[in-house]
Amino acid sequence: MSQSADLDARRRFLIRVLQLGGASAAAVVSGALLAGRSARPEEITPVVGGRDHGVAANPALPELVVAQGESPQALVQRALAEMGGMGRFVARGDTVVVKPNIAWDRSPEQAATTNPDVVAEVVRQCLAAGAGSVIVTDVSCNDAQTCFERSGIAAAAKAAGAEVVLPEPRFFTQVDLKGDTLGVWPVLEPFLDAHKLINVPIAKHHSLTGVTLGMKNWYGLIGGNRSRLHQRIHESLVDLTAFARPTLTILDGYRVLMRSGPTGGDLEDVELKKTLLVSTDPVAIDAYAAKAWWNIDVPRLRFLRLAEARGLGRSDFAALRTKVLTV
Amino acid sequence: MQHRTLRRIRLTSQIAFFLLFVFLLVQTEFPGSVRSASPDIRVPYPVALFLETDPLVALATALSTHTLYRHLIWAVPFLLLALIVGRGFCGWICPLGSLHHFIGSWKSEQKRGATLLESNRYKRWQATKYYLLVGVLLMALFGSAFGLVLDPLSLLIRSMSVSVLPVLNYGLRAALDAAYELPLGPAKIAVQGTSVVLGATMMSFKQPHFHQAVLIGGLFLFLLVLNLSVTRFWCRAICPLGALLGVCSTWSLVQLRKHEEKCDDCRRCLLHCQGGDDPIPGATWRKAECHLCLNCLGDCPTGGISFHWSMTPSPAKQTRETPELKRRALITSLAAGTVMVPLLRTGPGLKAAGSPLLIRPPGAVDEGHFLDRCIRCGDCMKVCPNNALHPALLEGGIEGIWTPVLVPRIGYCEPNCTLCSQVCPTGAIWEITVAEKTGRRDSNVAAPNPESRTPNPEQRDPIRIGTAFYDRGRCLPWSMATECIVCEEWCPTSPKAIYLVPAEVTDAQGQTKTVKQPYVEPKRCTGCGACEFACPVKGLPAIYVTAAGESRSKANQFLLRENQPSARTSS
Numbered sequence: 022m023s024q025s026a027d028l029d030a031r032r033r034f035l036i037r038v039l040q041l042g043g044a045s046a047a048a049v050v051s052g053a054l055l056a057g058r059s060a061r062p063e064e065i066t067p068v069v070g071g072r073d074h075g076v077a078a079n080p081a082l083p084e085l086v087v088a089q090g091e092s093p094q095a096l097v098q099r100a101l102a103e104m105g106g107m108g109r110f111v112a113r114g115d116t117v118v119v120k121p122n123i124a125w126d127r128s129p130e131q132a133a134t135t136n137p138d139v140v141a142e143v144v145r146q147c148l149a150a151g152a153g154s155v156i157v158t159d160v161s162c163n164d165a166q167t168c169f170e171r172s173g174i175a176a177a178a179k180a181a182g183a184e185v186v187l188p189e190p191r192f193f194t195q196v197d198l199k200g201d202t203l204g205v206w207p208v209l210e211p212f213l214d215a216h217k218l219i220n221v222p223i224a225k226h227h228s229l230t231g232v233t234l235g236m237k238n239w240y241g242l243i244g245g246n247r248s249r250l251h252q253r254i255h256e257s258l259v260d261l262t263a264f265a266r267p268t269l270t271i272l273d274g275y276r277v278l279m280r281s282g283p284t285g286g287d288l289e290d291v292e293l294k295k296t297l298l299v300s301t302d303p304v305a306i307d308a309y310a311a312k313a314w315w316n317i318d319v320p321r322l323r324f325l326r327l328a329e330a331r332g333l334g335r336s337d338f339a340a341l342r343t344k345v346l347t348v
Numbered sequence: 151m152q153h154r155t156l157r158r159i160r161l162t163s164q165i166a167f168f169l170l171f172v173f174l175l176v177q178t179e180f181p182g183s184v185r186s187a188s189p190d191i192r193v194p195y196p197v198a199l200f201l202e203t204d205p206l207v208a209l210a211t212a213l214s215t216h217t218l219y220r221h222l223i224w225a226v227p228f229l230l231l232a233l234i235v236g237r238g239f240c241g242w243i244c245p246l247g248s249l250h251h252f253i254g255s256w257k258s259e260q261k262r263g264a265t266l267l268e269s270n271r272y273k274r275w276q277a278t279k280y281y282l283l284v285g286v287l288l289m290a291l292f293g294s295a296f297g298l299v300l301d302p303l304s305l306l307i308r309s310m311s312v313s314v315l316p317v318l319n320y321g322l323r324a325a326l327d328a329a330y331e332l333p334l335g336p337a338k339i340a341v342q343g344t345s346v347v348l349g350a351t352m353m354s355f356k357q358p359h360f361h362q363a364v365l366i367g368g369l370f371l372f373l374l375v376l377n378l379s380v381t382r383f384w385c386r387a388i389c390p391l392g393a394l395l396g397v398c399s400t401w402s403l404v405q406l407r408k409h410e411e412k413c414d415d416c417r418r419c420l421l422h423c424q425g426g427d428d429p430i431p432g433a434t435w436r437k438a439e440c441h442l443c444l445n446c447l448g449d450c451p452t453g454g455i456s457f458h459w460s461m462t463p464s465p466a467k468q469t470r471e472t473p474e475l476k477r478r479a480l481i482t483s484l485a486a487g488t489v490m491v492p493l494l495r496t497g498p499g500l501k502a503a504g505s506p507l508l509i510r511p512p513g514a515v516d517e518g519h520f521l522d523r524c525i526r527c528g529d530c531m532k533v534c535p536n537n538a539l540h541p542a543l544l545e546g547g548i549e550g551i552w553t554p555v556l557v558p559r560i561g562y563c564e565p566n567c568t569l570c571s572q573v574c575p576t577g578a579i580w581e582i583t584v585a586e587k588t589g590r591r592d593s594n595v596a597a598p599n600p601e602s603r604t605p606n607p608e609q610r611d612p613i614r615i616g617t618a619f620y621d622r623g624r625c626l627p628w629s630m631a632t633e634c635i636v637c638e639e640w641c642p643t644s645p646k647a648i649y650l651v652p653a654e655v656t657d658a659q660g661q662t663k664t665v666k667q668p669y670v671e672p673k674r675c676t677g678c679g680a681c682e683f684a685c686p687v688k689g690l691p692a693i694y695v696t697a698a699g700e701s702r703s704k705a706n707q708f709l710l711r712e713n714q715p716s717a718r719t720s721s
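Same order as they appear, the protein sequences are chains A and B. Letter by letter, the first sequence follows residues 22 to 348 of the numbering used here. Letter by letter, the second sequence follows residues 151 to 721 of the numbering used here.
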């Protein structure tokens, strides 16, 4: 055995020892670290959200505007002007979320989704009032992409300068709605970050509550198995409205789906009312529309009374400062 | 020099057609914009182009239906092309062939040196594809397009649609979602940008989930991996389209000439041979196996090989013009192809009473005709915006394997959509319009008439794909004294096919209350499955659709439908 062979063997021995030692140390350290981290998998801690998006009342201005006329665009312009202009509601740089009804794969003529001309004009008004960005979004029932396209809302809103956000799965955050009935639900993120929230529903018939108007439109805030909300629909609508507390409700009554709602599908179900309602009171505007088009009185719509009791608005729409006009 | 250029042209052609294929496949989806005067959404490209120019699809469905559906006439020029250039399609155009070509070119332990050369020699098992072709065509003659499950384009579209693209989509989404969670502002913006780009090009908005995805994907992967043992095993041994083109190549005008005086027997011509057609000296060149890839031409260092256009058949010793078939095997394949259809039809699949789950897409022709036509390409499943269509396993019997069935719990059929009927290349799903589907002649344009609720003279029966039934034991208003009616809310027909009757029920506390209990009006129900999809009762739904009452079948009916009163008065 030569001396160099001996040295070589010693060198290989040392390398082997280092390898063994390194591997053992790594296994022990990482094992201990991982064992220390072990915990029963828990659900994501929900965010607590919900803020008042409203603006200060102005006793000189009407609380409810009812506008009738041929052009949906002109109806929005005039009605908002009567309310004191969009500048009263939208501050410079605000992120405004506009929430139409884009629930179903229907064309505008079928009146199951908000009139795209109304949505577009609301967007333009917000931008003209200095909004930093205007987002148009909804959590659809039918395939969202199809609904956004066929309703004409995606195209109209984009052309008006809005950012149209499809409800992608990753845009939902678990939020504790802190309702009496509704607890933790996945909420579409833009609704959490909005400075101002404008509800732009369409008036439709609905078999469960008789009508689907502004408060029912807040269904579109959340994802998940929300069909369960029907089981306590009145309480659920109040919880959702209490969470949303919108700046403004602009109720599209240009084409009204009188029967077979909320999906419709037959043009015979649609009546041309050529009307637009605007109000700062999310309860009164629903009460007014239910009475005006379906002759349903407040006592038959329990969610209105519940909402009033929660201080979300007034169900006695006759007591509001109301302006009726023809454009 | 010139040979290298030829190979480069071939490679360019392969890449171009592969990209065209992928483009058309990715475009086989709901198109971006639907706002137009017509209520029909149209797929903007001829997305079934590859299938509609596929001579095997045309020939087999011509045998089974004695017709050529819609655009299948375009397969005729491709058949004529095969009479000129033989299997040039396999080497220059076929996207599945190109994929096999690419993977077959990878280095592999099983194919090195002498083994590689030996593996690229002609093997007798390469004749298998001709026997399969005989079986496929005989089955078609007896009324079953089942064999076209082996058509290479059908196989590729099915595997990509049901498995490969959903896998890519899942991976991309998972990566993007993970990046979106990073606590970096720019990361979010980058993710949004990437999402927009991918969404506009290839990523689906919704992650598709398919029945059979693992089986179909696994089989596809297996076929690709086989290339590591035998280059283009699929093309050489199985592909019935390759076999059909091989038969056509008998008369083709391209001839390989071996100049044995220049040959120094290095056998390099076998190095990259795709077809296994023996371009080497001393052996017979097998014309029906050659893909015309021209690799041998480029690999030959001495100019011992050349290709020529020629009407004159080469001497038999040099070239074998026809596929080499054994009489006994041929008789066996004839017998098997003959017995196959009667054997499959003794199962319950074709009987209308077969499976309640055999819900076919709207426009699908009667089951017998459907099996004449359906080639299991999966284009309908790819295009369905609701992920409603899935490859069947045994819902339609063994013969119905991988044909489309609607699974409403995963996705329902949207009344305004006719995409599956637009992309079906063979008319198994006959092309329909929204007006036909919904029974309204003009659902979008007619002026509303609030006065009349009388039957609209323009209204006909809609296309029914089945009927909804309640499972009252699971239904909340029926068995749990709880308000619900989500099914009625979602029902897209007007008037709705679900009607409500207020009923007094007693809850667990003994309290009496009124809830609305739902019923189905089968005359209005189209079987779209929106109710089953939306039913909040998870797991087994409280309302479900079966194929009973589907309008494509005379037999699968359970209601006595009265005639229109007007029909009698007018007669």
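All C-beta atoms in this analysis are idealised placements derived from N, C-alpha and C, irrespective of residue type, glycine included.
(request) State the start and end residues of the unbroken beta strand (DSSP E) segment that holds residue 620 of chain B. (result) For the purposes of this step, residue 620 of chain B is identified with residue 470 of the second sequence, where counting begins at 1. 617-620 is the extent of the beta strand (DSSP E) around residue 620 of chain B.
(message) Is residue 268 of chain B close to chain A? Criterion is C-beta to C-beta, closer than 8 angstroms.
(response) Locating residue 268 of chain B in the second sequence gives position 118, counting from the first residue. Taking Cβ atoms only, chain A never reaches closer than 8 angstroms to residue 268 of chain B, which makes this a no.
(request) Classify residue 611 of chain B as buried or exposed, calling it buried when 16 or more other Cβ atoms lie within 10 Å of its own Cβ. (result) Translated into positions along the second sequence, residue 611 of chain B becomes position 461. Per the 10 Å Cβ criterion, exposed.
(message) 8 angstroms is my cut-off, CB to CB: does residue 642 of chain B come that close to chain D?
(response) Absence of chain D from the displayed structure is noted, the protein chains being A and B.
(request) Spell out whether any CB of chain B is found under 8 angstroms from the CB atom of residue 159 of chain A. (result) Taking the first sequence and counting its residues from 1, one reaches residue 159 of chain A at position 138. No, residue 159 of chain A does not count as interfacial toward chain B.
(request) Could you pull out every unbroken alpha helix (DSSP H) segment of at least 4 residues lying fully inside the region 652-705 of chain B, listed in chain order? (result) 680-684
(message) Does any residue of chain A have a CB that is nearer than 8 angstroms to the CB of residue 388 of chain B?
(response) In the second sequence, the residue the question calls residue 388 of chain B occupies position 238. Chain A, which has no Cβ nearer than 8 angstroms to the Cβ of residue 388 of chain B, makes this no.
(message) Counting beta carbon pairs with one atom in the region 547-560 of chain B and one in the region 93-113 of chain A, are three or more of them shorter than 8 angstroms?
(response) no
(request) Decide if residue 50 of chain A is buried, meaning its Cβ has at least 16 other Cβ atoms within 10 Å, or exposed. (result) Position 29 of the first sequence, counted from the first residue, corresponds to residue 50 of chain A. Exposed: under 16 other Cβ atoms inside 10 Å.
(message) Report the start-end ranges of each alpha helix (DSSP H) in the region 170-248 of chain B that is 4 residues or longer and not cut off at the edges.
(response) 199-202, 205-215, 225-235, 238-242
(message) Using only the alpha-carbon positions, how far apart do residue 144 of chain A and residue 182 of chain A sit?
(response) Residue mapping note: residue 144 of chain A aligns to position 123 of the first sequence, counting from 1. Residue mapping note: residue 182 of chain A aligns to position 161 of the first sequence, counting from 1. Each residue's Cα considered, the two are about 7 angstroms apart.
(message) Just to make sure I have the definition right: I need the residues of chain B whose C-beta is within less than 8 angstroms of the C-beta of residue 251 of chain A. Which are they?
(response) For this step, residue 251 of chain A is matched to residue 230 along the first sequence. By Cβ distance, chain B contributes 633, 634, 635, 636, 639, 686.
(request) Please look up how many angstroms separate the CB atoms of residue 248 of chain B and residue 381 of chain B, rounded, as I've assumed it's under 8 angstroms. (result) For the purposes of this step, residue 248 of chain B is taken as residue 98 along the second sequence, with counting starting at 1. For the purposes of this step, residue 381 of chain B is taken as residue 231 along the second sequence, with counting starting at 1. Their Cβ separation, rounded to whole angstroms, is 13 angstroms, which puts residue 248 of chain B and residue 381 of chain B out of contact at 8 angstroms.
(message) Tell me the residue span of the beta strand (DSSP E) that contains residue 458 of chain B.
(response) For this step, residue 458 of chain B is matched to residue 308 along the second sequence. Run containing residue 458 of chain B: 455-459, per the beta strand (DSSP E) assignment.
(request) Specify whether the region 188-206 of chain B and the region 221-240 of chain B touch according to this definition: at least 3 beta carbon pairs, one from each stretch, less than 8 angstroms apart. (result) yes
(message) Once the 5 residues before and after residue 573 of chain B are set aside, which same chain residues still bring their CB inside 7 angstroms of it?
(response) Your numbering for residue 573 of chain B matches position 423 in the second sequence. Cβ neighbours of residue 573 of chain B beyond the five flanking positions: 178, 193, 197, 198, 529, 530, 533.
(message) Would you call the region 674-687 of chain B in contact with the region 559-569 of chain B, where contact means no fewer than 3 C-beta pairs closer than 8 angstroms?
(response) yes
(request) Taking the CB atoms as reference points, tell me whether residue 276 of chain A and residue 305 of chain A lie closer together than 8 angstroms. (result) Here residue 276 of chain A refers to the residue found at position 255 when the first sequence is read from its first residue. Here residue 305 of chain A refers to the residue found at position 284 when the first sequence is read from its first residue. No; because the gap between Cβ atoms is not below 8 angstroms, this pair is not in contact.
(message) Does any residue of chain B have a CB that is nearer than 8 angstroms to the CB of residue 223 of chain A?
(response) By one-based count along the first sequence, residue 223 of chain A stands at place 202. For residue 223 of chain A, the answer is no, since every Cβ of chain B falls outside 8 angstroms of its Cβ.
(request) Spell out whether any CB of chain B is found under 8 angstroms from the CB atom of residue 154 of chain A. (result) As a working note, residue 154 of chain A is residue 133 in the first sequence. So no, residue 154 of chain A is outside the interface.
(message) Assess contact between the region 256-270 of chain A and the region 188-201 of chain A, defined as three or more Cβ pairs (one per stretch) separated by less than 8 angstroms. Is contact present?
(response) yes
(request) Spell out whether any CB of chain B is found under 8 angstroms from the CB atom of residue 136 of chain A. (result) Walking along the first sequence from the start, residue 136 of chain A turns up at place 115. Not closer than 8 angstroms to any Cβ of chain B, the Cβ of residue 136 of chain A fails to qualify, so no.
(message) For residue 106 of chain A, would you say it is in contact with chain B, using Cβ-to-Cβ distances shorter than 8 angstroms as the test?
(response) To locate residue 106 of chain A, count along the first sequence from 1; it is residue 85. No, residue 106 of chain A does not count as interfacial toward chain B.
(message) Output needed in chain order: residues of the region 117-135 of chain A with a Cβ under 7 angstroms from some Cβ in chain B.
(response) 126, 128, 130
(request) Would you mind reading off the limits of the beta strand (DSSP E) that contains residue 361 of chain B? (result) Here residue 361 of chain B refers to the residue found at position 211 of the second sequence. From DSSP, residue 361 of chain B is part of no beta strand (DSSP E); its letter is neither H nor E.
(request) Report yes or no: is there a C-beta of chain B within less than 8 angstroms of the C-beta of residue 318 of chain A? (result) Residue 318 of chain A sits at position 297 when you count from the first residue of the first sequence. Cβ-Cβ to chain B under 8 angstroms: no for residue 318 of chain A.
(message) Would residue 287 of chain B and residue 210 of chain B qualify as a contact pair, given that the criterion is a beta-carbon distance under 8 angstroms?
(response) Walking along the second sequence from the start, residue 287 of chain B turns up at place 137. Walking along the second sequence from the start, residue 210 of chain B turns up at place 60. Yes, these two residues count as a Cβ contact at 8 angstroms.
(message) One question on the structure: do residue 211 of chain A and residue 118 of chain A come within less than 8 angstroms of each other, judged by their Cβ atoms?
(response) Position 190 of the first sequence holds residue 211 of chain A. Position 97 of the first sequence holds residue 118 of chain A. In this structure, residue 118 of chain A lies closer than 8 angstroms to residue 211 of chain A by Cβ.
(request) Report the rounded CA-to-CA distance for residue 174 of chain B versus residue 702 of chain B, giving the unit in angstroms. (result) Mapped onto the second sequence, residue 174 of chain B falls at position 24. Mapped onto the second sequence, residue 702 of chain B falls at position 552. Approximately 30 angstroms, taken between the alpha carbons.
(message) Suppose you measure from the CA of residue 82 of chain A to the CA of residue 269 of chain A; what does that come to, to the nearest Å?
(response) Here residue 82 of chain A is taken as the residue at index 61 of the first sequence, counted from 1. Here residue 269 of chain A is taken as the residue at index 248 of the first sequence, counted from 1. Approximately 14 angstroms, taken between the alpha carbons.
(request) Name, please, each residue of chain A whose Cβ falls closer than 8 angstroms to the Cβ of residue 626 of chain B. (result) Position 476 of the second sequence, counted from the first residue, corresponds to residue 626 of chain B. Chain A residues near residue 626 of chain B: 252.
(request) Just grab the DSSP bridge partners of residue 554 of chain B for me. (result) As a first step, residue 554 of chain B is located in the second sequence; it is residue number 404 there, counting from the start. Answer by DSSP bridge pairing, in chain order: B:541.
(request) Over the uninterrupted beta strand (DSSP E) stretch that includes residue 348 of chain A, give me the two end residues. (result) Numbered from its first residue, the first sequence carries residue 348 of chain A at position 327. From DSSP, residue 348 of chain A is part of no beta strand (DSSP E); its letter is neither H nor E.
(message) Excluding the 5 residues flanking residue 242 of chain B on each side, which residues of the same chain have their C-beta closer than 6 angstroms to its C-beta?
(response) The residue labelled residue 242 of chain B in the question sits at position 92 within the second sequence. Taken in chain order, the residues that qualify are 160, 163.
(request) Tell me whether residue 537 of chain B is buried or exposed, calling it buried when 16 or more other Cβ atoms sit within 10 Å of its Cβ. (result) Numbered from 1 along the second sequence, position 387 holds the residue referred to as residue 537 of chain B. The residue is buried, with at least 16 neighbouring Cβ atoms inside 10 Å.
(message) Measuring CB atoms only, is the region 216-234 of chain A touching the region 614-626 of chain B, in the sense that at least three cross pairs come out at less than 8 angstroms?
(response) no
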